[in-house]
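**Q** I am attaching a structure below and will ask some questions about it afterwards.
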Amino acid sequence: MLQVLSFAVLGTWKLNGIIDFDDSGRGDPLWDLTSIFISYFRCRKELLKEFLCQYGKDTFRRTNANGTSKFAHLCMLSTLYNKPYLLQSVFEQLPHLWNCPSLVDLEKELWDLGEEFWAVGEPGEGGPSTAKDS
């Protein structure tokens, strides 16, 4: 399965890349998303949000019993358990994260997209892909 990455630029779509999921394993797609976010998106949340909106947020939506998102927590676990170089790469890209006093703070800085991002809205709402170019 291929995922095409494209972004709206002045009213047209610009191809930024292609992600090939053929080598991905079975299981939770968050495992693969963790590597993509750190290695290819270089820990840029705006790219992660755009990807999630284009791919379909529901594919990656995870909630606690009280309805709050547990996306950040699961992604942080995946970062810690995934390939050994991932966490090293995070600190190379975002050295200010060395100042996080706890893993909970690191999780929030690195992975938290905010509850409003995960809010269910009308189709086409709630994501960077709907922003108008100025």
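Start counting the sequence shown at 94; every next residue gets the next number (our numbering).
Where a beta carbon is used, it is the ideal one built from N, C-alpha and C, also for glycine.
In this text, all values refer to a predicted model and were calculated from it rather than measured experimentally.
(1) Among all the DSSP beta bridges, which residues are the ones paired with residue 156?
(2) Tell me the DSSP secondary structure of residue 184 in three-state form.
(3) Counting along the chain, where does the alpha helix (DSSP H) carrying residue 191 start and finish?
(4) Just checking my contact of residue 211 with residue 142 at CB under 8 Å: how many whole Å lie between their CB atoms?
(5) Please report how far the alpha carbon of residue 121 lies from the alpha carbon of residue 129, in whole angstroms.
(6) Give the single residue among 190, 179, 160, 138 whose Cα lies nearest to the Cα of residue 124.
(7) Can you tell me the Cα-Cα spacing of residue 156 and residue 165, whole angstroms?
(8) Residues in its own chain within less than 6 Å of residue 169 by CB, not counting five upstream and five downstream?
(9) Output the distance between the C-alpha atoms of residue 159 and residue 207, rounded to the nearest integer angstrom.
(10) Taking the alpha carbon of residue 126 as the reference point, which residue from 139, 153, 147, 146 has its own alpha carbon closest?
**A** Working from what's here:
(1) According to DSSP, which records beta bridges pairwise, residue 156 is partnered with 162.
(2) helix
(3) Segment: none, residue 191 is in no alpha helix (DSSP H) and carries neither H nor E.
(4) Going by Cβ atoms, the distance from residue 211 to residue 142 rounds to 11 Å, so no, they are not a contact pair.
(5) 14 Å
(6) 179
(7) Separation of residue 156 and residue 165 (C-alpha to C-alpha, rounded to the nearest whole angstrom) is 10 Å.
(8) 200, 204
(9) Looking at the two C-alpha atoms, the distance is approximately 15 Å.
(10) Per the Cα distances, 153.
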